[in-house]
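In our numbering, the protein residues as written are 122 to 265.
Structural data, given as structure tokens:
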């Protein structure tokens, strides 16, 4: 019975780890691509790609948001995959939580909640899941 209990714990831990990695890769893609676009493309090229507000904010703000998204996307994968400073992964997720809370407020102010709120809530939920999971449920051990 003892080995069955240990196997169940390992299986549960493995399931959490797989689920968290899936969420991390999704966040890497969902924030990484727009981060690249906001950082490197001309703002006038972004509205046709779905970033409708890109020309309504100062360029420095657009670039800042893009850089934050890129840094967070890298923070989702690199520290966890290399096991070098893996505590940065839940911090990157916390950064995504902050970005989404601000994005929800920004889009609400612009009256765009019906178009973007569902997506913002999905991003927010994934970010909270990774933040909690990598901090509490299935943290990644640092390489020593």
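Backbone N, C-alpha and C fix where the C-beta goes; we use that ideal spot for every residue, glycine too.
Judged by DSSP in its simplified three-state form, residue 136 adopts helix.
In this structure residue 180 touches residue 164 by the C-beta definition: roughly 6 Å separates them, less than 8 Å. At the C-beta level, residue 160 and residue 187 come within 9 Å of one another.
According to the DSSP assignment, residue 180 belongs to the alpha helix (DSSP H) that extends over 180-203. For residue 138, the CB contacts under 8 Å within the same chain, skipping 5 residues up- and downstream, are 259 in chain order. Counting of Cβ neighbours within 10 angstroms places residue 236 among the exposed residues, the total staying below 16. In the DSSP assignment, residue 227 falls within the unbroken alpha helix (DSSP H) covering 209-230.
Rounded to the nearest angstrom, the gap between the Cα atoms of residue 224 and residue 240 is 11 Å.
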